[in-house]
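A.B. asks:
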Amino acid sequence: IGATDIFGGLRPTLTRLKTLVRPGGYVLVGEGFWRKDPEPEYLAAMGAAADEFADHAATIAAGIQVGLVPYYSAVSSEDDWDRYEWLHCRAVELYAAQHPEDPDTPALLARIRAWRDLYLRWGRETLGFAIDLFRA
Numbered sequence: 286i287g288a289t290d291i292f293g294g295l296r297p298t299l300t301r302l303k304t305l306v307r308p309g310g311y312v313l314v315g316e317g318f319w320r321k322d323p324e325p326e327y328l329a330a331m332g333a334a335a336d337e338f339a340d341h342a343a344t345i346a347a348g349i350q351v352g353l354v355p356y357y358s359a360v361s362s363e364d365d366w367d368r369y370e371w372l373h374c375r376a377v378e379l380y381a382a383q384h385p386e387d388p389d390t391p392a393l394l395a396r397i398r399a400w401r402d403l404y405l406r407w408g409r410e411t412l413g414f415a416i417d418l419f420r421a
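To convert, count from 1 in the sequence shown and add 285; that's this note's numbering.
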């Protein structure tokens, strides 16, 4: 879930996971996808490349291309993303408030606040996430 870079990207990960299940077995993968083409400023701020993700249809197609059959997909809504992002921000803000003496607190706050602003400006409408179920 969210770790396809371990095997070099989505398609190599799906290929590898397919070898780990019996015929008829299931492969579950969670992957980000572009809801729309990302703005260059968003990519630069994320430190990402446009080809880091594809759209959701291409994610499903990658599974088909390696011989998997798509069975189900659960795509995050904007509400799901908001919950995930805001709980993440909240956790860091609470930690910082409870541990002002931690020498890492200023850097943690700067990082999470920059991420929050990035999410609000571009991320919410640009980046999606889905958990896709395939059968080998």
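The beta carbon of each residue, even a glycine, is placed where N, CA and C say it ideally should be.
Drop a sphere of 10 angstroms on the beta-carbon of residue 323, count the other beta-carbons inside from all chains shown, and report buried for 16 or more, exposed for fewer.
C.D. replies: Here residue 323 refers to the residue found at position 38 when the sequence shown is read from its first residue. Buried, since its Cβ has 16 or more Cβ neighbours within 10 Å.
A.B. asks: Taking residue 232 and residue 296 to be in contact with their CB atoms under 8 angstroms, please state how far apart those CB atoms are, rounded to whole angstroms.
C.D. replies: Residue 232 lies beyond the range of the chain shown here (286 to 421); nothing can be said about it.
A.B. asks: Assess, as a yes-or-no matter, whether the stretch 351–365 is touched by the stretch 412–419 under the definition of 3 or more beta carbon pairs within less than 8 angstroms.
C.D. replies: In short, these stretches touch, since the Cβ pair count reaches three.
A.B. asks: I need the boundaries of the beta strand (DSSP E) containing residue 417, first residue and last residue.
C.D. replies: Here residue 417 corresponds to residue number 132 of the sequence shown, with the count starting at 1. That run of the beta strand (DSSP E) goes 412–420.
A.B. asks: If you measure between the beta carbons of residue 309 and residue 381, is that distance less than 8 angstroms?
C.D. replies: Taking the first residue of the sequence shown as 1, we reach residue 309 at position 24. Taking the first residue of the sequence shown as 1, we reach residue 381 at position 96. The answer is no: Cβ separation not under 8 angstroms.
A.B. asks: Figure out for me which residue from 405, 289, 332 and 327 has the closest Cα to the Cα of residue 368.
C.D. replies: For this step, residue 368 is matched to residue 83 along the sequence shown. Of the listed residues, the one whose Cα sits closest to residue 368 is 405.
A.B. asks: Taking residue 359 as part of the alpha helix (DSSP H), name the residues at either end of that continuous run.
C.D. replies: On the sequence shown, position 74 is the one that residue 359 refers to. Premise fails: residue 359 lies in the beta strand (DSSP E), 354–360, not in any alpha helix (DSSP H).
A.B. asks: Can you find the residues in the same chain that come closer than 7 angstroms, C-beta to C-beta, to residue 330, ignoring five residues on each side of it along the sequence?
C.D. replies: The residue given as residue 330 occupies position 45 in the sequence shown. Closer than 7 angstroms at Cβ, skipping near neighbours: 403.
A.B. asks: Taking C-beta to C-beta, are residue 314 and residue 304 nearer than 8 angstroms?
C.D. replies: In the sequence shown, counting from the first residue as 1, residue 314 sits at position 29. In the sequence shown, counting from the first residue as 1, residue 304 sits at position 19. No, Cβ-Cβ distance for residue 314 and residue 304 is not below 8 angstroms.
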